[in-house]
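Novice:
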Amino acid sequence: MSKVVLESVGKTFENNFEVLREISVTFDQESVNFIIGRSGAGKTTLIKILLGLTPPTKGRVLFNEIDITALSRTEIARYRRSVGIVLQDPSLIPNRTIFDNVAMPLWVRGLRSKDIRHRVDRCLNVVGLDAVRDFYPVRLSTGEQQRVSIARAIAHRPKLLVADEPTGNMDNQLSLEVRSLFDMFPELGTTVIVATHEPELTEHMRHVFELKDGTLLRVARQVREADSPAPSP
């Protein structure tokens, strides 16, 4: 199971500033979900709650039927390590190769060198960058660096991948290319949640939600035909 459920989630900051209000939603297992909304609508706050980085003022978040809002600090840290995270800034290590950047979370987990090589090569293949494994980040374009960030996020085979404005620094064509990568991940057993202020990324997507005035509403979209399955990393 990799279903994510929010039950009456709300978040209020100082001076009774209510950012999120009574959000109840289910992100289905092995689905790609987009949360759209203007800048300042509360998307990043919602992402932080999903990642356990900030607690909701009310309500709870369930992942695999476990209430992450009730976890201890140690348990929250373990939960975050199990989630794939993609941010607007790829934050690659400049003096390490592309292979090393993707391998980093696997080294931390103590995987064998042979297994690491296999996983990294497969993940780079999934994002179409297997030919640049020995390059350094400076040689890659912005879009390519974000692809590396995505490969790194899926290297440990997360059941949940969360992305906050992953295409914020890209033009429309690059944004759509990166979006196409997220489309593949349900075939890998991963539930994907993407927050973006770019509604054009959600065209023909099945699971689209708009965050407006503190509430999250489902948006109707014409659904395209399913994509071809992706290779497993």
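Just so you know, the sequence shown maps onto residues -18 to 214 in the numbering used here.
Even for Gly, the Cβ is constructed at its ideal location relative to N, Cα and C.
Bear in mind that the values here come from a model prediction, so they are computed numbers and not experimental data.
#1: Based on Cα-Cα distance, which residue from I131, D115, N153 and V0 lies nearest to K39?
#2: Give me the residue from D115, D96 and F163 with the minimum Cα distance to H137.
#3: Secondary structure at A176, three-state DSSP: helix, strand or coil?
#4: For H137, which three-state DSSP category applies?
#5: Out of curiosity, what's the CA-to-CA distance linking I79 and F163?
#6: Quick one: complete beta strand (DSSP E) runs, 3+ long, within the stretch 58 to 144?
#7: If contacts are defined as beta-carbon pairs under 8 Å, then F15 and H188 qualify, I think. What distance do you get, rounded to the angstrom?
#8: Which residues bound the alpha helix (DSSP H) around R160?
#9: Determine the DSSP secondary structure at T171, reduced to helix, strand or coil.
#10: For a quick check, are the C-beta atoms of L155 and S63 less than 9 Å apart?
#11: Cα separation between V113 and E46?
#12: Using C-beta distances below 6 Å, list every residue in its chain close to L110, excluding the 5 sequence neighbours before and after it, in chain order.
#13: Within 10 Å of its beta-carbon, does D152 have 16 or more other beta-carbons around it, so buried, or fewer, so exposed?
#14: Count the other CB atoms, across all protein chains shown, that sit within 10 Å of the CB of S(-17); report buried if there are 16 or more and exposed otherwise.
#15: Whole angstroms are fine: how far does the CA of D115 sit from the CA of I174?
#16: Going by C-alpha to C-alpha distance, which of S5, E11, G23 and G91 sits closest to T(-7)?
#17: Taking DSSP as the reference, what is the three-state secondary structure of N45?
#18: Could you check the C-alpha separation between D208 and N(-4) for me, to the nearest Å?
#19: Which residues in the same chain have their Cβ closer than 8 Å to the Cβ of V200, if we skip the five residues on either side of it in sequence?
#20: Rounded to the nearest angstrom, what separates T172 and S12 at their Cα positions?
#21: Please return the same chain residues whose Cβ sits closer than 8 Å to the Cβ of I135, not counting the five positions on each side in sequence.
#22: Following the continuous alpha helix (DSSP H) through T26, name the residue where it begins and the one where it ends.
#23: With a cut-off of 9 Å, does the C-beta of A136 fall near any C-beta of chain D?
#24: Which of the three DSSP states is assigned to E3 in this structure?
Specialist: Result, derived from the coordinates:
#1: Position 58 of the sequence shown, counted from the start, is the residue given in the question as residue 39. When only C-alpha atoms are compared, the closest one is V0.
#2: In the sequence shown, the residue the question calls residue 137 occupies position 156. Checked all of D115, D96 and F163; the closest Cα to H137 is D96.
#3: In the sequence shown, counting from the first residue as 1, residue 176 sits at position 195. Of the three classes helix, strand and coil, the one that applies to A176 here is strand, per DSSP.
#4: Numbered from 1 along the sequence shown, position 156 holds the residue referred to as residue 137. Reduced to three states, the DSSP call for H137 is coil.
#5: Within the sequence shown, the letter at position 98 stands for residue 79. Within the sequence shown, the letter at position 182 stands for residue 163. Distance between the alpha carbons of I79 and F163: 20 Å.
#6: 64 to 68
#7: The residue given as residue 15 occupies position 34 in the sequence shown. The residue given as residue 188 occupies position 207 in the sequence shown. Yes, they are in contact, since the Cβ atoms of F15 and H188 sit about 7 Å apart, within 8 Å.
#8: Within the sequence shown, numbered from 1, the residue matching residue 160 stands at position 179. Looking at the DSSP string, the run of the alpha helix (DSSP H) that includes R160 is N153 to M165.
#9: By one-based count along the sequence shown, residue 171 stands at place 190. The answer is coil: DSSP assigns T171 none of H, G, I, E or B.
#10: For the purposes of this step, residue 155 is identified with residue 174 of the sequence shown, where counting begins at 1. For the purposes of this step, residue 63 is identified with residue 82 of the sequence shown, where counting begins at 1. For L155 and S63, no; Cβs fall outside 9 Å.
#11: Locating residue 113 in the sequence shown gives position 132, counting from the first residue. Locating residue 46 in the sequence shown gives position 65, counting from the first residue. Rounded to the nearest angstrom, the two C-alpha atoms are 40 Å apart.
#12: Taking the first residue of the sequence shown as position 1, residue 110 is located at position 129. Excluding sequence neighbours, L110 sits near R128.
#13: What you label residue 152 is simply residue 171 of the sequence shown in a count that begins at 1. Looking at its Cβ environment, which holds fewer than 16 other Cβ atoms inside 10 Å, D152 is exposed.
#14: Residue mapping note: residue -17 aligns to position 2 of the sequence shown, counting from 1. Flag for S(-17) reads buried.
#15: Within the sequence shown, residue 174 is the residue found at index 193, counting from 1. Within the sequence shown, residue 115 is the residue found at index 134, counting from 1. I174 and D115: Cα-Cα distance of roughly 30 Å.
#16: As a working note, residue -7 is residue 12 in the sequence shown. Cα-wise, what sits closest to T(-7) is G23.
#17: Position 64 of the sequence shown, counted from the first residue, corresponds to residue 45. Coil.
#18: Position 227 of the sequence shown, counted from the first residue, corresponds to residue 208. Position 15 of the sequence shown, counted from the first residue, corresponds to residue -4. Only weak support is given to the placement of D208: the predicted model assigns it a pLDDT of 46, under 50, and the question is left unresolved by the model.
#19: Position 219 of the sequence shown holds residue 200. Hits under 8 Å: I17, T183, V189, F190 and E191.
#20: Your numbering for residue 172 matches position 191 in the sequence shown. Your numbering for residue 12 matches position 31 in the sequence shown. Taking the straight line from one Cα to the other gives about 5 Å.
#21: Here residue 135 is taken as the residue at index 154 of the sequence shown, counted from 1. Around I135: G65, C104, V107, L142, F166, L169, T171 and P214.
#22: Taking the sequence shown and counting its residues from 1, the one referred to as residue 26 is at position 45. Per DSSP, T26 belongs to the alpha helix (DSSP H) from K24 to L31.
#23: This model lacks chain D altogether, as it is built from one protein chain only.
#24: Taking the sequence shown and counting its residues from 1, one reaches residue 3 at position 22. Reduced to three states, the DSSP call for E3 is strand.
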